[in-house]
Each structure stands twice: as structure tokens, then as C-alpha cells.
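Novice: Residue numbers (the numbering used here), protein chains in the order written: chain A, 1 to 380; chain B, 1001 to 1261.
C-beta atoms are modelled at their ideal positions from N, C-alpha and C, and glycine is treated no differently.
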Amino acid sequence: MSDQVTPTSGSASGAGTVSLDEGHHVGSGGLPATFENPGLPPHVHRAADDDPKAAKRAERQVAALFTLSILGTLGFIVSYFAIDRTTSVFLPFVGLTNLLNIMLGVCLGIALLGIGFGAVHWAKTLMSDEEVVEERHAIASSDAARADFVGALAAGAESAQLARRPLIKATAGAALGLFGLTLGVQLAGSMGNPTKALEELKQTIWDVPTGGKPIRLVRDPELTPIKASDVTIGSVFHVMPETLKELREHNVKEGHSEWHGVLEAKAKAAVLLMRLNPSEFKDDVLGRKARDWGFQGIVAYSKICTHVGCPVGLYEQQTHHLLCPCHQSTFDVTRDCEVIFGPAKRPLPQLKITVDDEGYLVAPQGFAEPVGPSYWERLK
Amino acid sequence: MNALAARRRHPAAIAILLFLGLALVGTAYSLLAPKPAQAAVATADDAELGKQLFLANCATCHGLNAEGTKSGPTLMGVGAASVDFQVSTGRMPLAGPNVQAPRIDTVKFTEEQIAAMAAYVASLAPGPAIPDAKLTSGEGGDVALGGEIYRVNCAMCHNFAGSGGALTRGKYAPSLYGVDGKYVYEAMITGPQSMPVFNDTNLNPEAKASVIAYLKATQAEPNVGGMTLGNLGPVSEGMFVWIFGLLLMIACAFWLGQKAA
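(1) Under 7 Å, Cβ to Cβ, is there at least one residue of chain A near L1229(B)?
(2) Closer than 8 Å by beta-carbon distance: list the chain A residues that pair up with G1262(B), in chain order.
(3) Could you work out which residues of chain A lie near F1254(B), taking near to mean beta carbons separated by less than 9 Å?
(4) Quick check on S1071(B): buried or exposed, where buried means 16 or more other Cβ atoms within 10 Å of its Cβ?
(5) Give me whichever residues DSSP pairs with E383(A) in a beta bridge.
(6) Using a C-beta to C-beta distance shorter than 8 Å, which residues of chain B count as neighbours of G95(A)?
(7) When DSSP labels each residue in this structure, what does G118(A) get in the three-state scheme?
(8) State the beta-bridge partners of A967(B) as determined by DSSP.
(9) Measuring straight from C-alpha to C-alpha, what distance separates A1081(B) and I1130(B)?
(10) State the Cα-Cα distance for the pair L1124(B) and G1077(B), rounded to the nearest angstrom.
(11) If distances are taken between C-alpha atoms only, which option among G1127(B), G1026(B), V1083(B) and T1074(B) comes closest to A1053(B)?
(12) Quickly, what does DSSP pair S235(A) with across the bridge? List them, please.
(13) Strictly below 8 Å CB to CB, what residues from chain A border F1198(B)?
(14) Counting only runs of 3+ residues fully inside the region 76-135 of chain A, write out the beta strand (DSSP E) ranges in chain order.
(15) Identify every residue that forms a DSSP beta bridge with K227(A).
(16) On the DSSP letters alone, give me the boundaries of the alpha helix (DSSP H) that R291(A) sits inside.
(17) Below 8 Å, how does it come out for the region 69-83 of chain A and the region 112-124 of chain A: are there three or more Cβ pairs, yes or no?
(18) Verify whether the separation of the beta carbon atoms of V239(A) and V271(A) is less than 7 Å.
(19) Please check if any C-beta of chain B sits within less than 7 Å of the C-beta of N277(A).
(20) Whose C-beta lies closer than 6 Å to the C-beta of Y301(A) among residues of the same chain, with five residues either side of it excluded?
(21) DSSP state of E246(A), grouped into three classes?
(22) Measure from the C-beta of A1260(B) to each C-beta in chain A and report whether the shortest distance is under 7 Å.
(23) Who pairs with R275(A) in a beta bridge, going by DSSP?
(24) If you pair each beta-carbon of the region 293-309 of chain A with each one of the region 245-253 of chain A, do three or more pairs fall below 8 Å?
(25) Determine whether the beta carbon atoms of K202(A) and W293(A) lie at a separation below 7 Å.
(26) Given this structure, state the Cα-to-Cα distance separating W1242(B) from L217(A), to the nearest angstrom.
(27) According to the neighbour-count rule (16 or more other Cβ atoms, all chains shown, within 10 Å of its Cβ), is V252(A) buried or exposed?
(28) One question on the structure: do A265(A) and I205(A) come within less than 7 Å of each other, judged by their Cβ atoms?
(29) Is the Cβ of C1154(B) closer than 7 Å to any Cβ of chain A?
(30) Short of 6 Å in beta carbon distance, which residues of its chain neighbour Y1214(B), apart from the five on each side in sequence? Order them along the chain.
(31) Compare the C-beta of T1201(B) with all C-beta atoms of chain A and state if any pair is closer than 7 Å.
(32) Identify each residue in the region 106-133 of chain A for which the Cβ-Cβ distance to at least one residue of chain B is less than 7 Å, and report them in chain order.
(33) Looking at the strands, I want to know which residues DSSP matches up with R219(A).
(34) So L314(A) contacts chain D; which residues on that side make the cut at Cβ distance below 7 Å?
(35) Going by DSSP in three states, P38(A) sits in which element: helix, strand or coil?
(36) My output table needs one value for H321(A): the three-state DSSP class, helix, strand or coil.
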């Protein structure tokens, strides 16, 4: 190590070397006071720069790549018209596949890659690669040009009598400024009524009007009512409100399409119904609330994840965990669907249920909180 | 003795000791391990034979009277369908403790033995019976209705194409490819492991038959989309693009950055 250090002056032990026991020496390190700009390394010519044969070869290669692209494009057009849409072929490693798709894809790939590779190969072999220095010029215009411009503006304003006719100045300004509103109103209008939209986020078709009849829980997609005795322990039912049927009937009566607004309503109203052994609910505030809002161990929860609104449908009947397939948020049914894993921030809203006179499961009231993902105004 | 003591620090000593120890344990295990009972008398009463098989193969975990132990649940009321599903698909007897019993294709019992065990367990308490072959063949089921029911009730765990999917903490919903309709039906009525029960009041037998018909139809459908990448959706497709697409782009970047010769 110490061999590499060769102090030019101040060496104590003569021979120009420093041994470890000599302590610290201030050395100059042999560094010059200033460095000279070494400049660019010498330019090295490419084969095609010096050898006309190599240049000719590069030219042929570039032309061949462009020709390949032309063939690809022609192949694309021919395939587009010539190949039947339903023809399929067997390709090794890929399997049975649609011939038209394969041909269009391969030809398009060849056409585009031919252009790209040709251009790059051309630039790399034949276009000049001499290093040049381009001096930067000042960004600002000269003082004279700037003075000219200000003069021209002032003269224009003077000749238009802008300063002398304040009425025109004010009305023209207002006209131009107000015109922006025609665009702004359309933009704001297309976003819908914000107050109504916020209200809609809080409503589902589970909501029972004051004094209204409790809503029956029905199977999705058959829309048949569910008896409490149908739901055995360990079962899971995918549930919709009976009002969904009424919505469709109402649509038909009003002359709309039967499915008008049905998907939107379903998206918020989807509910998962499970039956646990009542003793399996945790004996704490959350677990007791979950059990009390259910009926003999049957509980109903919104299927819409409180993270970004995926359907939480993966119910594990042994652990009583509900898993969201999108981001793995996991909810514990025995503790009121509290979040035990994943990005969701709030438990799934529970739907309070009971049974009617005929033994069918009903919801006497809607959800106590908005279903689905959080939104800004939810906190207010 | 002295020579042995002198060599006890030899580098190979540990390896030799380990080998001897393993060989000893292995031999002892093969001599002492409990062996699965073989079929006794085929002519005996089904439930009686089933009981013998149960005592030899299942009672360790499920208890001598199928009352359940810390290692296994009670089999009271699980029904013949449950036994048929678990044993015929190789899930039981459990090969080793794990988060989930996997499907194993080499079944350890003959059909008669399984039927005997099913008869024994069914005799303990009433439970779902082995479904009629008419319902489990999938023939005559409504494929369109089955598809709708499948998408609402099954697809979230078993995947849109029935390729299965992950659950929490290492558990998973198995693939439904090539699974006999009988076992699909039995799984629905018994709710094995993490799977919930879909009893006949939830999905009536016709609906279940339709689901099986739908599964058969989708699996028989020719796929002209080329490589399916396991029909797992964006996970495997994204992985494919990440690996091959990125490699291609890195190669292009290298080529662009290289000076021509």
C-alpha cells in the first residue's frame, strides 16, 4: 500500500518511501495546480467510413430491412383480405390459434420493426458520426429588437384608440372573458349535480322509506326469496333486494328499457349472506353487534369492498374470513367484518336482518353507512 | 477405541453420524409405522367393513366414534357425500398436516372400500347422500343458466375459467379442470375445507346440474387464443410481458447504445 504513495517533498527517511511508524506527512501528492482540458478522444472511423465495400454492404443491409418492412405491410394487407376470420391453425409451443390474428400480428411486427431497425442501422453505419460542438447563442433577443417590438405594440394600441375608448376596452374584455363560461358550464354540467351525486352514494335500493315494508332478501340471479331455515350453517348466499325486481317492473311500466339503471343499483346493493354457529361470533362489542344485527347466526354484509369497490366474495367457511380478490383485503366475519389484512380502511357495512311472518329473511332498514369505497365528503 | 476417539474430529465424522442416524430412524419407522389396513372381507356388511376401515385409517384424527379430536373434525352428519368426495379425490386420509388437504390422484382405496366407509359414516347421523348420477353427469343441464350461477357463486374463488385461485394464508380454491361432475356436486352439498355449503335450498339440484353442464361445456370448448398461460388472467399474462417484453427492450437498448464497428 505505502509503495504507491511517493511524496515529492518533505520525506523524512530519504529514500522517497514512508513507513507506517513515521506518522502523518503533508504531501503535495504530485498534483498540478490546474488540469488541462483533455478534449474529446480522437475520432475513430467506422468500417463504412473508410471502406467503400463496407459502405455498400451497409447500404444493402439498410435497404433489405426497409424491403422487409414493405413485405410485412403487403403481407398484412393480403392477410386482411385473404384469410377467413374463423380459420385456426396449430402452432408448436403456442397451440391452436386463430390464423388471421397470428398473420396480422406477425406482419405488423415485421413492418414496424423493419422501419425501426432500418433507420437505426442507417444512422449507426452510414450517417455521419463526427463529434461536433454547437455553440449556444443567447436566448434573449437584442435590445434593439425588443424596443422595436414594444414600439409596435404601443403604436397598434394607439391606432386602435384603445386608451381613448375605455368603453370598448371594457366590453371587449368582458366579452372575451365571459365566452369561457360557455365551455365551463358544459364541463361542470357534464359532471352532474354534485349534491345529488353525493346523496346517491349514500343510498341503495335497500333503503326502506319511512313506514315502508321491510325488504325481502332474494337470491342472485334467480330473485327468489330466502327462508331463514334454508340457510344452513356454513352456507353462503349471494343476495339482492327484492326491490330490484320492482325496479325492473317499474322500468317496463314507464316505457324504459327493463334494465335501465339496474346495473348501477345492483353494484351498490350486492350482499353476501352467511350462517355461522352463533357461538362462533367473538364475545366483544364488535362480535355481539354482528350477531345482534343478524338472525340466529345468519348475517348479511355488503359485498362491495371498502377499499376500491371490488366484490368481496371469497368466504372461507372454516376461518370465517372474507377475502377481496383484488387487493387481498381480509375481513373477519366473527368481529363485524373488521379488516384484519390488506389495504381496506373500514369494515364492510352490515345489513340488519330479521324474518317476516312467513319466515322469509327481510331487511327492516337500509345500510347504516354508505357502502363501497371511501370518498372525500363521506367524513363530513 | 483410541483410533476412533482420535478420528472424532475428522471432517467426515458429522456426515457419517448423520447418515447412520437417519438410516436407523428410517429403518425403525418402516418397521414400526402403522400400516393402512387392507380390504378385509368384501362380502361382509358394508357398514361393518366401513367401520373397520374407519378405525384403521381415520380414527386417529376423527376419533374412535367419529366424534372428532383436536386434529380432526367430527364426522357426525357430514354424510356419505363428504366421505366419497374426500377419499375418492385423495384428499383423505391426509398425507401430512398442512393448511389444506390437496387433491391426490393416486387414491388409496377401492371403490367398494370407499362405499363401505361412506355407508358407515352415513349410518352415524343423517347427512347429504351421494348424488344421483343423472344430476352429476351434466347432461340436460342449462349451460347458460349454469354460467350465470357459476359467475355469481363460484367464479370469485375458482376463477372465471375454473382454474382455481388463492385464498388467505396459503389456502387455495383448487382448479376445476377435469374434475368429475360427481365431485363438483358433492363439494357443493358438503362444503369441504374452506368452501361454503351450497345446499339444495340455495342452488336446487337442477341449478347444480346446470353448473356442471357449464363447466363441461367451457372445458370442452376449443380454445383458439393460442397459449392460455393457465387461464389465470392478468397475473400470468403480465408476468409473460414483464419477462419477454422487457428482455427484448433491454436487448434493443444495448444495440442502440453500441457504436458501429
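Specialist: Judging by the given coordinates:
(1) False, the Cβ-Cβ gap to chain A never drops below 7 Å.
(2) Outside the shown range of chain B (1001 to 1261) lies residue 1262(B), about which nothing can therefore be said.
(3) Here the premise fails: no neighbours, minimum Cβ distance about 12 Å.
(4) S1071(B) is exposed by the Cβ-count criterion.
(5) Because chain A spans 1 through 380 in this model, residue 383(A) falls outside it and cannot be assessed.
(6) The answer, in chain order, is N1223, G1226, M1227 and T1228.
(7) Three-state result, G118(A): helix.
(8) Outside the modelled stretch of chain B, which goes from 1001 to 1261, sits residue 967(B), for which no answer is possible.
(9) Distance from the CA of A1081(B) to the CA of I1130(B), rounded to the nearest whole angstrom, comes to 4 Å.
(10) Taking the straight line joining both Cα atoms gives about 7 Å.
(11) It is Leu, not Ala, that sits at residue 1053(B) in the sequence shown. Per the Cα distances, V1083(B).
(12) Per the DSSP secondary-structure output, S235(A) pairs in a beta bridge with V1197(B).
(13) Within 8 Å of the CB of F1198(B), the CB atoms of chain A belong to S235 and V236, in sequence order along the chain.
(14) For the region 76-135 of chain A, whole beta strand (DSSP E) runs of length 3 or above, ordered along the chain, are 88-91 and 95-98.
(15) Y360(A), per the DSSP bridge assignment.
(16) That run of the alpha helix (DSSP H) goes V285 to D292.
(17) Yes, since at least three Cβ pairs between the region 69-83 of chain A and the region 112-124 of chain A fall closer than 8 Å, the two stretches touch.
(18) By the CB criterion at 7 Å, V239(A) and V271(A) fall inside the cutoff.
(19) Using a CB distance cut-off of 7 Å, N277(A) does not count as an interface residue toward chain B.
(20) Around Y301(A): L272, C337, L348 and Q350.
(21) DSSP places E246(A) in helix when its eight states are reduced to three.
(22) Yes, contact with chain A.
(23) The secondary-structure analysis by DSSP pairs R275(A) across a beta bridge with I298(A).
(24) Contact between the region 293-309 of chain A and the region 245-253 of chain A is absent, because fewer than three Cβ pairs lie under 8 Å.
(25) Cβ atoms of K202(A) and W293(A): not closer than 7 Å.
(26) Taking the CA atoms as reference points, W1242(B) sits about 45 Å from L217(A).
(27) Exposed, by the Cβ-count rule.
(28) Yes, the Cβ-Cβ distance between A265(A) and I205(A) is below 7 Å.
(29) It does not; no Cβ of chain A falls within 7 Å.
(30) Counting only Cβ-Cβ distances below 6 Å, and skipping sequence neighbours, we find V1143, G1146, G1147 and Y1150.
(31) By this cut-off, T1201(B) is an interface position.
(32) If the cut-off is 7 Å between Cβ atoms, the region 106-133 of chain A has V120, K124 and T125 near chain B.
(33) R219(A) is bridged to V239(A).
(34) The chain inventory of the structure shown lacks chain D, comprising the protein chains A and B.
(35) Coil, per DSSP.
(36) Residue state, collapsed to three classes: strand.
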